[in-house]
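Chemist:
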Amino acid sequence: MTGSVQLLVLPAGTTDEFAQFYVLRNGTWHDVPLTTMPKLGGSKVREGVERNLREVGGRIGAGSGPIALAALHTKAVGYWDNLVPEGVRAAVAEALRESDGPPEILVHAHEGLEWIPWELLNDGTEWLAVSCRIARMPIVPNGPVGEAARHPVRNARSFLGREVIDAVDGADYTEWSGSLRAVEKAGGDLRLFPPHGAEDYPTIQDIKNADCADLIHITCHGALDESGEPCLRLDPEEDLFSNVDVGTARAMRFVPPGPLVFGNACSSAATAGGDQEVTITRGLGVAFFDRGASAFIGSIAPVGKVMALRFATVFYRHLLEDELAVGEALRLTKQDFAQHDAEDPSWLFYCLYGSPTSRFVPAATIAAPPP
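Position 46, counted from 1, in the sequence shown is what the UniProt record's numbering calls 46; the numbers after and before it change by one each time, with no gaps.
1) Do you know offhand how far Tyr22's Cα is from Glu50's?
2) In terms of DSSP beta bridges, what is Gln20 paired with?
3) In the DSSP assignment, find the unbroken alpha helix (DSSP H) run with Ala329 in it and report its ends.
4) In chain order, which continuous runs of the alpha helix (DSSP H) of length 4 or greater are located wholly inside the segment 78–132?
5) Please list, in chain order, all residues of the same chain as Glu328 whose beta carbon is under 8 Å from its beta carbon, the five residues on each side excluded.
6) In whole angstroms, what separates the C-alpha of His30 from that of Ala91?
7) Which one of Pro66, Gly161 and Leu113 has the shortest CA to CA distance from Lys44?
8) Specify, as a first and last residue, the run of the beta strand (DSSP E) that Arg157 falls within.
9) Report the CB separation of Phe360 from Val145 in whole angstroms; it is logged as a contact under 8 Å.
10) Buried or exposed for Cys212, please, with buried defined as at least 16 other CB atoms from any protein chain shown within 10 angstroms of its CB.
11) Going by DSSP in three states, Arg253 sits in which element: helix, strand or coil?
12) What are the residues that DSSP puts in a beta bridge with Trp29?
13) Contact defined as beta carbons within less than 8 Å: I believe Arg136 pairs with Leu284. What is the distance between those atoms, to the nearest angstrom?
14) What are the complete alpha helix (DSSP H) segments, minimum 4 residues, inside the segment 189–246?
15) Can you tell me whether Phe241 is buried or exposed, with buried defined as 16 or more other CB within 10 angstroms of its CB?
16) For Gln20 and Leu120, what's the separation of their Cα atoms in angstroms?
17) Could you pull out every residue in the same chain whose Cβ sits closer than 7 Å to the Cβ of Gly87, ignoring the five residues on either side in sequence?
18) Would you say Tyr316 and Leu330 are within 8 Å of each other, going by their C-beta atoms?
19) Could you compute how far the alpha carbon of Gly222 sits from the alpha carbon of Gly42?
20) Which residue wins for smallest C-alpha separation from Pro236, given the options Thr271, Leu190 and Glu163?
21) Please report the straight-line C-alpha distance between Arg191 and Pro362, rounded to a whole angstrom.
22) What first and last residue would you give for the beta strand (DSSP E) that runs through Gly354?
23) What are the partner residues of Val56, as DSSP defines its beta bridges?
24) Classify Pro138 as helix, strand or coil using the three-state DSSP reduction.
25) Can you grab the Cα-Cα spacing for the pair Gly354 / Ala70, in whole Å?
26) So, helix, strand or coil for Ile67, using DSSP?
27) Could you tell me the alpha carbon to alpha carbon distance between Glu199 and Phe193, rounded to whole angstroms?
28) DSSP state of Pro345, grouped into three classes?
29) What's the C-alpha gap between Ala269 and Lys185?
30) Measure the C-alpha to C-alpha separation of Arg253 and Asn209 and round it to an integer number of angstroms.
31) Measure the beta-carbon distance from Asp245 to Asp225 and round it to whole angstroms, keeping in mind my assumption that it falls under 8 Å.
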């Protein structure tokens, strides 16, 4: 039997307290005593976590992956001990002991607490994202329609932003560019933007036109716009006119049960924050999920260019070729990189919004009826 831990994470009150945690047991939410929680206040804790991630990202960008991983491991064990209440740690430990396979950890969190780095927790033995299938199930007004376990992928769209692959080895790019071919082989419609060898890079309108697709993959740079909100930047030179942001997500008209959206960019699943003094706002993962995407995959911190392509290649192999559920495909991809001692530890930063049991299976397009 596969174990499962469901958590509800809400603001603790009107002051700057950290959070209140609840664990679902026998159909009832039980509050968890805050035995080891930080006394600094929620905003200070968040600032510390984000500062740590920026520092680690800087080390990764400078080519010091092993040093970054060692520092990240130390911080991750501290997050487990200090950010997660004892009752939650006990529930996860019980699920790990009793489950036949990797247990699921489903986190239902208030938007203002989406910054908690669940994917970076380490209990001193293993990264939780390697031993468990972690999924964020945000509390939103709308969300995807229904809970389809199997999603036929008949239409897939892959968007590549400008100035992304200049530092990437040709072999990595070639392998990545073919990672969605399973859709084409099954008789589905796969479209790449730009086409191979072309310089006509995608625009926001191209993204909007893809709202009928079953799988939307965006590879570009992640950034904060002038107001401090997170965005995916298709063209670094265009700024405002190339930002895929919360407004873009709101304008999408997804067809139920909703697509898988993969925002493969630095901090694509982060919420507003960083060095800018802005009000905490929803991240792109929450925005796309609220609009009806059945799943969103992104990163909570900066990722290396080569790692971004390699991670997507391995992930789609598990998802589309092995036909694993999205949560297991993501977990197994992380396990692959953990076992091969990847020099760039930014594979740890990827996260999932949506049900971990959803399967996205390549399928042939449905022919239009004769006139």
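Backbone N, C-alpha and C fix where the C-beta goes; we use that ideal spot for every residue, glycine too.
Modeler: Reading from the atomic positions:
1) 24 Å
2) Leu10
3) Val326 to Gln339
4) 86–98 and 128–131
5) Pro102, Arg133, His318 and Pro356
6) 12 Å
7) Leu113
8) Asn155 to Leu160
9) So it is not a contact: roughly 16 Å between Cβ atoms.
10) exposed
11) coil
12) Leu24
13) Wrong, their Cβ atoms sit about 12 Å apart, outside the cutoff.
14) 204–209
15) exposed
16) 20 Å
17) Val23, Val32 and Pro33
18) no
19) 25 Å
20) Glu163
21) 14 Å
22) Tyr350 to Gly354
23) None; Val56 has no bridge partner.
24) coil
25) 30 Å
26) helix
27) 9 Å
28) helix
29) 31 Å
30) 9 Å
31) 6 Å
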